[in-house]
Amino acid sequence: MTTAPTPPHLLLGSCDYPEHVPRDRWATYARMQKELGLSFVRIAEFAWSRIEPQCGRYDWAWLDQAIEAYHGCGLRVVLCTLTATPPAWLIRAHPEILASDEQGRVREFGSRRHYDFASPVYREHSRRLTLAMALRYGRHPAVVGWQTDNEFGCHGTTRSYGGASAAAFPEWLRHRYGVVERLNEAWGNVFWSMEYTDFSQVRPPMLTVTELNPSHVLDYARFASQQVADFQKEQLEILREMSPGRFITHNFMIFESGFDHYQVAQGLDFATWDNYPLGMLEFFAPSGSGEEVKTRYARTGHPDLIAFNHDLYRGLVAQPGLGREGRGTPNGPWVMEQQCGQVNWAPYNPLPAGGAVQLWTAQAWAHGADVVSYFRWRAATMAQEVMHSGLLRHDETPDRGYAEVETLDQTQFPVGPVPARVALLHDYESLWLYDQQKHSASLSYWTQTVAYYSALRSLGIDVDIVHADAGLSAYAVVVAPAITLVPPERAARWAKAVEGGVALVCGPRTAFRTPGGQTWETGQPGPLSDTLGVKLLQYDSLRPTLSQRVSGPGGDVQAHGWAESYRLQGAEALYSYSGGPLDGEAAVTRRGQVTTIGAHSPELIGAVLADVLQRAGVETTPLPEGVRLSRRAGRTLVQNWTLDAVQWNGLSLGPVSFMVQEE
Amino acid sequence: MTTAPTPPHLLLGSCDYPEHVPRDRWATYARMQKELGLSFVRIAEFAWSRIEPQCGRYDWAWLDQAIEAYHGCGLRVVLCTLTATPPAWLIRAHPEILASDEQGRVREFGSRRHYDFASPVYREHSRRLTLAMALRYGRHPAVVGWQTDNEFGCHGTTRSYGGASAAAFPEWLRHRYGVVERLNEAWGNVFWSMEYTDFSQVRPPMLTVTELNPSHVLDYARFASQQVADFQKEQLEILREMSPGRFITHNFMIFESGFDHYQVAQGLDFATWDNYPLGMLEFFAPSGSGEEVKTRYARTGHPDLIAFNHDLYRGLVAQPGLGREGRGTPNGPWVMEQQCGQVNWAPYNPLPAGGAVQLWTAQAWAHGADVVSYFRWRAATMAQEVMHSGLLRHDETPDRGYAEVETLDQTQFPVGPVPARVALLHDYESLWLYDQQKHSASLSYWTQTVAYYSALRSLGIDVDIVHADAGLSAYAVVVAPAITLVPPERAARWAKAVEGGVALVCGPRTAFRTPGGQTWETGQPGPLSDTLGVKLLQYDSLRPTLSQRVSGPGGDVQAHGWAESYRLQGAEALYSYSGGPLDGEAAVTRRGQVTTIGAHSPELIGAVLADVLQRAGVETTPLPEGVRLSRRAGRTLVQNWTLDAVQWNGLSLGPVSFMVQEE
Amino acid sequence: MTTAPTPPHLLLGSCDYPEHVPRDRWATYARMQKELGLSFVRIAEFAWSRIEPQCGRYDWAWLDQAIEAYHGCGLRVVLCTLTATPPAWLIRAHPEILASDEQGRVREFGSRRHYDFASPVYREHSRRLTLAMALRYGRHPAVVGWQTDNEFGCHGTTRSYGGASAAAFPEWLRHRYGVVERLNEAWGNVFWSMEYTDFSQVRPPMLTVTELNPSHVLDYARFASQQVADFQKEQLEILREMSPGRFITHNFMIFESGFDHYQVAQGLDFATWDNYPLGMLEFFAPSGSGEEVKTRYARTGHPDLIAFNHDLYRGLVAQPGLGREGRGTPNGPWVMEQQCGQVNWAPYNPLPAGGAVQLWTAQAWAHGADVVSYFRWRAATMAQEVMHSGLLRHDETPDRGYAEVETLDQTQFPVGPVPARVALLHDYESLWLYDQQKHSASLSYWTQTVAYYSALRSLGIDVDIVHADAGLSAYAVVVAPAITLVPPERAARWAKAVEGGVALVCGPRTAFRTPGGQTWETGQPGPLSDTLGVKLLQYDSLRPTLSQRVSGPGGDVQAHGWAESYRLQGAEALYSYSGGPLDGEAAVTRRGQVTTIGAHSPELIGAVLADVLQRAGVETTPLPEGVRLSRRAGRTLVQNWTLDAVQWNGLSLGPVSFMVQEE
Ligand SMILES: [Zn+2]
Ligand SMILES: [Zn+2]
Ligand SMILES: [Zn+2]
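Chains as they are written, first to last, in this note's numbering: chain L, 1 to 663; chain F, 1001 to 1663; chain U, 2001 to 2663.
Right, dumping it as structure tokens:
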């Protein structure tokens, strides 16, 4: 393990796959990486079939040699636990490891992530192999940390709808509810005679004639999330014991929503994530923005979508653990995989604009990353990802991203805190419930949440994204865009924060549902009614060709997708609906420091948030399209995400570029 | 059973679910319902798991008490046979009850309608449970009638493609055809060597490499329809014996087309249906009308789509049976479930416009309904339909629909006959065959049929929708928009009606196919050729970007989707095609009182029908968009379905409103 | 067998199904066909269940009689091997014959092509039945030739994903690779730990969590193609022995791409194909051209799409075999099925324009067809294709196509060679690999290939489409639009042709991949780098809303879908990119006679090809939209595919018409 003093600025790395190239390349690549200024290398991510070519027969020699090659050049190594790709000999011997999809079809071998988290036999092999790896390399001086598995949940792999998961679900329910009557009550199974008389009768929610019971879906999501957490915990315990002083992390995936990331992040030293801005745009462009936004940001990605993930994953692990080199600080998150050229998995995979790799790296730093690791060192010449770029091309010549990394000055990126005075609340259970019953097809939990986030970013605000039950007293303003599931304890916590001086903003559908997935017998927003000073009156689901006018201090705006109105019970109306079924009813309300926004309208959200921030004494800087500010460690990163030069605030920003300003 | 004299006007009711709320609410709700002016309550629709929590262990106490609560307030009760939702204990004991979908996947427990109509074991439980209910409540004084099951066929549940249905189909065929050679001939199985040598070789039509044999599909539709009819008949026989004097009905679903409703309606006292105008619009907006129509009627539904269902279901049962309170008259149909706020099952679920609940209720009356029963009393706080509204909100406060019901004067709606002089012919076998081979993807049986219906309604015409084999002599004009299957007997019946003075109008593809699903060896329209005085010459399937000009007395119009031409054999051409492949050929023909329309064009259909009606002495009133007239019991309901005030014919109609005029 | 001298011009035929009509029609139909000027009739295509109603019980009498009916009128008969539709008694006795789809579902009986080519039991029945047919009719004087099966691969039936194919694949791999390590290396299985330790572990590529390994897919395509070839070879061997002097062919399907047609065509005397121009347009309209092109050619089909198939299938069999009447010449290909009215299998099935049937026939001749056989004689009155037209209507009256055939002068179409000096290279392995990893969703192998073909046709060029490994020395210009898989031997062959004076043009992605489906370790275009004088620098996948400017001699054009750039290593840049990520990089390069086009742009392709052709001394004739020239046997067919009259080059062409000019 390296004992070099931790540098005070952003460090770089890359993902490398020595098993994909001839052995004679290893030392060469390590030297080239060092020369490029990289400090870290992540390896062995999918190497199970090479480490254990047959059951119980380990082949360590090649990995020993590869690690030595990196070590010899002073690179610090991150190892993986190998479990994302169980090999053929294991799958064919134990086909019950394979997961099933929502239609009950077995998900076949021949790709990756083809396992059921609940499989006891897979769990056993996961522990066995993790132990073997940890024993072999846990104390190797080059090894500074571990990545568990790879991208949990990616490709919809959290939930299996057959086999091991189907078998384990009833027992999980029995543990949760004790007696089946409590399950029936929690799920409201009386509704369509869905009452069970024994836990063993319950199956995964799938293939029903019409809608699934949302409470059934919600509990299945909880169950599956627990399996991921348990699966990783078993690896964590082994690694903690056998590889002291090394950090342990996981590389989470863009907007992945299959499991509760807060639950799975427990025990990690910090979170990392895999940042692919261009593929992300194709899949997660803000709903309703359509082709125009996808085109404008086709070669850079959308700044707020990327920043959201940075802020989200930075907030997963609140307590500092082991730092980026194992023992020591700082403990900031990483980007474990950073796109550095075109990807291969979207319908269209354009080249990044010149400057985008530097811009992404700078943004990652400004949102808290202490390490950015590029995916991948050399483009793969084989199999699924031959069309995916790397820092080197197939022929080992430096690709466009390489040149950008080469000319990037890392010392302008000192590590340090992100000075956020605004928190945005997030909760996976709310996400599951919201998306199970959208009621308005053009909205989703992410759409609504990102709309609030983007409004804040457009005002130049730094944001912490934290769990809905996190401590809030450090913030001036707390925004709850779509926390639809609010148990009484959560409502009490928020009320206390408000009493303590925090300004709270709630979006539509806040506290719509009970923890069981039902609605409050006393109406919405249930236990939050007093704090908000309102009761839900109407909710209107607007098809894309409909809108609803909202009138208020700054004139009229149009709501799209969703509009809900309130009966005032202590709050006053800031905005009201005019025309349509909601004519004259309250659209935005305020009781003291608590503001409730019932209409979905980016324009309205921006106006209300600007007002709230001003009242809370948080300075705002309205920004033009494509310009963004991010602050860290006493510096401000001014970013131009457009393909044109921009004059802003006396600054000249080239196309796709940034400036670092000292405060 | 109540012996109160039948009131002479529309009565109201609601659907309530006492098992969904605490017992202490029952008496309160009953009292509130009575105060609101409701007369009926439908209960126990999905209550199997509460009536029989375990196999053979009945719990009657709660339902006894609930019925007493309603009875105590003078409400009349409609009970259900419970079979729409077999509970978990039954399904897990007899998984063979579950149906299979078109891909052969078992349709799982956890929702509703998860049974195969052909399952012998389910049939047995259906009879057993119906008998138990009938014995318990069949003579209860509060109980005035029964609803069998719920919404047969909804969610594509008529046809099961495995298990019990797959097992029963060969025997059904043997019964129909006697020897397999007759089956082969009827289906034209020689076509692709599809000939069977034994009935046992025949399976449900599914998962073939390419197109299915339409005759195979047609017979499977007939088979499945028969299962529904048989299933219900078993319940009917028990209820007739054990619950004398009570009406028996079924609540049919919007445009449901899985089974032959005329067949299934046999033995019922009258039909009811479930009227959800806004969800209906999203799913059944007139083809080609696109977003513009969906937007215009987003908050009211489309008047003609709703009216079509009213007229369709009113016509299902021709002979009067027991009336709405059991013994006695009138015997008109009901709306068993009437939307009274937003629904939850469309992609978008907007709020109804102010006034829509009253307008829907008035329209229901004018199209023959004697009772309108709102769905549901209180919004569900649990499970699949928590986002669906009721007359009361989740928190028991009155919702928007409640207020409209409260202020509605029912006495302006006397019961009595709908004075239709025009009949529109309908036939489920034609529908099955048409839709199996559309040939032009933008048309369907419903699209074509509703186009003719809507043209009539735009002319202010009251319409009876009747079976293609119904007696026609009472009508001045009979329209057969899409009766593609015309056996010789049917042709003879129509010819006789024409001889008797009825004016007949046929749309394209009329009599295209034989009862077996083949085409006539002698060409189309087969046995109807003489009556129409034409032979089919060409049929042209027009992609949406193509049209075909039609020229006639009133100038030129454009046909879309479909254009067929005729060789004249006794008829004359009223309109001809000009340009394109059909240039100069007959598009609309007339022989005596028989008119044939070959081109699909709402404009053309309207013009030709107006001419036919005028000649037949049926007065027409051309109406502007969104204005409709409906007559009943000597009164005329003038309706404004637009969101704007309308001046029409000297009347001022507010947005979404109606007037009742005495004739 | 007829011994009449082969006429020197195009002959006509039709597809007839005597088993579909009463016996008394056979002689009548034969006489009518003769009177219409038809020479051939193809029969018994789907007649297995009539020839062998039960296992081993043959019924020859009816077919004997039908053949005599045609023979008696001087018609020459083409017989089929019956295997496209195994009957029910065989399938129910041996359900393992049924294929499985990509989701693992058994493809059910009840349609056609429901068999797995790898099924040993089906192979046995195929041989048995072919032998029985050959013994019975192999030397019949009326029989001039055989069609094997029908439309191999149609409806995605080449590849089965279960049963017999799944069982045979491992053995095929063992045969190909010998030891499993070589398989792992060839597929790059180390990539995601997909390495096998035994061939028996390998399954068809299906249902994986995310992307399939393209090498796995490529080998499965090769395996499945081999099954088709083997299946047919067994029939060929029997027919060759038992039916001497008769030709053997297969009727290939439009753009079918499931198997390697060059492999399957081996041993055939010539290829035939089934030409349905209107259905073809709906399914294969040039990508990106959208509704506008589909509308313009809705009633004629697109001339280049049709011509492409003519040229493709003409080139399948290079060596002359037995001619169109068995023994003798000429040996040109046929159109075995020619649309002569509307089809029934597209979403929309418009009527052909007046003149289209003649135009299609003339075009077929000009592109090398010696016989055009219309599908079908009489429209079917039963089963799947009742909406499909024939020369006769359902009622036996002559339909529109009949009239066009009646007035067509066949003597203006002498047989003889197509004088192509330009070859377009084609390769199914490249197609499989390209389409498995499109990287840009709007492009495909066919799209890119047809773009080059269409550019040539717009310049009035006659084209041979030949296999990528065919002899090239006879051509002035060779175009390789999308040969993405270029082994070293192929590269050497092309280099040698270039040395010999051939001008070579390569499109984007040429030689991108190794024969195993990987990329070259040394970069693209691998072994072709020297010949092209370039190395691949960047490739850009452009979403439909993006374009990339290309600048060159003729000004600027916009690339869509794809843009790749090159590092010059001996070549010079003809066009360069301007703006965007590729700014200043080479877009089109030339080294000597070799031109490489990196940008996808029909306009650019046309300009570059025009230049190359001019330099190579091949005369070009730029043609307006919808006008085409095709040359054969010393004559030129001038075609107008538009619905309007056209003045061109001093000629007056009526709408949808042609002229034959002597050179
Ligand atoms: Zn990754
Ligand atoms: Zn209902
Ligand atoms: Zn065919």
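Ideal placement from N, C-alpha and C gives every residue a C-beta, glycine not left out.
With respect to residue 2317 of chain U, residue 2340 of chain U sits apart: the two C-beta atoms are not nearer than 8 Å. Secondary structure at residue 34 of chain L: helix, using DSSP grouped into helix, strand and coil. Taking the beta carbon of residue 2531 of chain U as reference, no residue of chain L falls within 9 Å; the closest one sits roughly 17 Å away. Between the segment 2631-2647 of chain U and the segment 2467-2484 of chain U, the count of C-beta pairs closer than 8 Å stays below three; the two stretches do not touch. Taking residue 663 of chain L as reference, the option from L/258, L/419, L/276 with the minimal CA-CA separation is L/419.
Where residue 2194 of chain U is concerned, there is no enclosing alpha helix (DSSP H), because DSSP gives it neither an H nor an E.
Under the three-state reduction of DSSP, residue 2283 of chain U is assigned to helix. About 4 Å separates the Cβ atoms of residue 1413 of chain F and residue 1010 of chain F, confirming a contact at the 8 Å cut-off.
The alpha-carbon separation between residue 1276 of chain F and residue 435 of chain L amounts to approximately 24 Å. The beta carbon of residue 1644 of chain F sits no closer than 8 Å to any beta carbon of chain L. Residue environment analysis places residue 2553 of chain U among the exposed positions, since fewer than 16 neighbouring C-beta atoms fall within 10 angstroms of its C-beta. For residue 2220 of chain U, the CB contacts under 8 Å within the same chain, skipping 5 residues up- and downstream, are 2159, 2169, 2204, 2205 in chain order.
Using a Cβ-Cβ cut-off of 9 Å, residue 559 of chain L is close to nothing in chain U; its nearest Cβ partner there is about 28 Å away.
In the structure shown, the three-state DSSP call for residue 2275 of chain U is strand. Closer than 8 Å to the CB of residue 2209 of chain U there is at least one CB belonging to chain L. For residue 367 of chain L, the nearest beta carbon of chain U is not closer than 8 Å to its own beta carbon. Assignment of beta-bridge partners to residue 535 of chain L by DSSP yields L/567.
Put simply, the CB of residue 1251 of chain F is far from chain U, with every gap to its CB atoms at 8 Å or more. According to the DSSP secondary-structure assignment, residue 1586 of chain F is paired through a beta bridge with F/1566, F/1576. Straight-line spacing of the CA atoms in residue 1620 of chain F and residue 2445 of chain U works out to 59 Å. Of all residues in the segment 2228-2262 of chain U, none places a beta-carbon less than 7 Å from a beta-carbon of chain F. With a beta-carbon spacing of about 38 Å, residue 2079 of chain U and residue 2433 of chain U fall beyond the 8 Å limit used to define contacts. A straight-line Cα-Cα distance of about 17 Å links residue 2049 of chain U and residue 2136 of chain U.
The continuous alpha helix (DSSP H) containing residue 2231 of chain U extends over residues 2214-2242. Along the segment 1429-1446 of chain F, going in chain order, the ones with a CB nearer than 9 Å to a CB of chain U are 1437, 1438, 1439, 1440, 1441, 1442. Take the alpha-carbon of residue 1157 of chain F and the one of residue 1658 of chain F: they are about 37 Å apart.
Per DSSP, residue 290 of chain L lies in no beta strand (DSSP E); the unbroken alpha helix (DSSP H) holding it starts and ends at 290-296.
Residues of the same chain with a CB within less than 6 Å of the CB of residue 2376 of chain U, apart from the 5 flanking positions on each side, are 2015, 2390 in chain order. Looking at the DSSP output, residue 143 of chain L shares a beta bridge with L/77.
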